[in-house]
Amino acid sequence: MITAKVAAVATGKVNLDKISLFISHVIPSDIERNNLYKAIESKVTLPVTFHLRQCDTTIVLQSTIFSWRLSVKTSTEKPRYIVVGLQTNKDRNQEPNSSIFDNCVLKNMYIMLNQERYPAVDYNLLLPKQQFSRAYREASVFSEKFYGMNELITQSNITPSDYNDLYPLMDFDVSEQSKRLKSSVVDVQIKATFNAAVPADTEAFAVVISNRMLQFQSDGNRMNIVYY
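Quick note: the sequence shown uses the numbering used here, first residue 224, plus one each step.
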């Protein structure tokens with residue numbers, strides 16, 4: 224049972240006296256260790272691709288129009304998925320559940336990568352009247368696309384009512400990009416319209432998942448990490 228904070232009760236506080244970070248270590252076998260030594264001595268270069276996750280946040284003004292330029296990505300950092308959520312009156316406030324997001328009567332949202340738009344067709348959302356099937360579909364298949372999980376498993380994690388009431392997140396698949404975008408710097412912008420003015424104290428959160436490259440380069444004595 225959750226109740227409101229009793230009047231005159233002090234704000235809760237957590238004091239951390241010590242934090243320990245555990246990092247697992249991989250100890251190679253003698254055979255693999257010998258192979259590593261040989262690779263280092265031969266001055267080998269090993270390319271590595273990984274997923275970079277970056278979270279940005281900004282204040283949303285009390286308006287029906289919202290435009291947010293996230294950042295400029297280098298030619299070696301390619302956005303693949305962008306997840307956007309909105310929260311009202313949850314920053315520095317321990318009373319509401321900060322894991323729950325708000326729909327803010329969102330009407331439409333899309334991503335601009337330079338001059339390319341994702342998706343090409345408006346959503347025309349009206350969540351209070353259960354008009355969100357396309358947005359729900361994109362959110363429910365995200366794990367299938369990104370992690371390769373079975374659709375029957377991923378779609379059982381969140382129901383349409385949960386999406387509407389608790390997690391109205393906008394998921395954008397921007398992985399299909401033109402050759403022009405793949406070889407150029409990418410400007411990322413979020414555009415949105417609302418059916419009513421956004422409430423005060425509303426924040427927008429955006430998680431950008433990008434492909435990133437690095438290399439392990441050997442100088443003959445040790446491996447060095449080189450980012451692109």
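Note that CB positions come from ideal geometry on N, CA and C, so glycine has one too.
On a Cα-Cα basis, can you pick out the residue from Gln285, Leu309 and Lys241 that is closest to Leu389?
Position 166 of the sequence shown, counting from 1, holds the residue named residue 389. Of Gln285, Leu309 and Lys241, the residue nearest in Cα terms is Leu309.
Apart from the five residues on each side of it in sequence, which residues of its chain come closer than 6 Å, Cβ to Cβ, to Ala419?
As a position in the sequence shown, residue 419 is number 196, starting the count at 1. Counting only Cβ-Cβ distances below 6 Å, and skipping sequence neighbours, we find Val328.
Can you round the beta-carbon distance between Val283 and Val430 to whole angstroms, since I take them to be within the 8 Å contact cut?
What you label residue 283 is simply residue 60 of the sequence shown in a count that begins at 1. What you label residue 430 is simply residue 207 of the sequence shown in a count that begins at 1. Taking a contact as a CB-CB distance under 8 Å, the pair Val283 and Val430 does not count as one, their CB atoms being some 16 Å apart.
Taking buried to mean at least 16 other C-beta atoms within 10 Å of its own C-beta, is Ile323 buried or exposed?
Along the sequence shown, one-based indexing puts residue 323 at 100. The residue in question, Ile323, is exposed, as its Cβ has fewer than 16 Cβ neighbours within 10 Å.
Please give me, in chain order, every unbroken run of the beta strand (DSSP E) with length at least 3 that falls completely inside the region 295-343.
300-311, 329-336 and 339-341
Which of helix, strand or coil DSSP assigns to Ser401:
Counting from one through the sequence shown, the residue named residue 401 turns up at place 178. If DSSP states are grouped into helix, strand and coil, Ser401 belongs with coil.
As a quick exercise: from Gln338, Phe245, Val267 and Ala362, pick the residue whose alpha carbon is nearest that of Asn387.
If you number the sequence shown from 1, residue 387 lands on position 164. Considering only alpha carbons, the answer is Ala362.
Does DSSP put Met224 in a helix, in a strand, or in coil?
As a first step, residue 224 must be located in the sequence shown, where it is residue number 1. In this predicted model, Met224 has a pLDDT of only 40, less than 50, meaning its place in the structure is not dependable; the value taken from the coordinates is given anyway. DSSP places Met224 in coil when its eight states are reduced to three.
Counting pairs of beta carbons, one from the region 433-445 and one from the region 263-281, are three or more of them closer than 8 Å?
yes
What separation, rounded to the nearest whole angstrom, lies between the Cα atoms of Ala233 and Gln285?
For the purposes of this step, residue 233 is identified with residue 10 of the sequence shown, where counting begins at 1. For the purposes of this step, residue 285 is identified with residue 62 of the sequence shown, where counting begins at 1. Using only the alpha carbons, I get a separation of about 31 Å.
Locate the beta strand (DSSP E) running through Asp394, then write down its first and last residues.
As a working note, residue 394 is residue 171 in the sequence shown. From DSSP, the beta strand (DSSP E) with Asp394 extends over Met393 to Asp396.
How big is the Cα-Cα spacing for Ala415 and Arg445?
To locate residue 415, count along the sequence shown from 1; it is residue 192. To locate residue 445, count along the sequence shown from 1; it is residue 222. Each residue's alpha carbon lies about 49 Å from the other.
Buried/exposed call for Pro302, threshold 16 Cβ in 10 Å:
Position 79 of the sequence shown, counting from 1, holds the residue named residue 302. Counting Cβ neighbours within 10 Å, Pro302 comes out buried, since at least 16 surround it.
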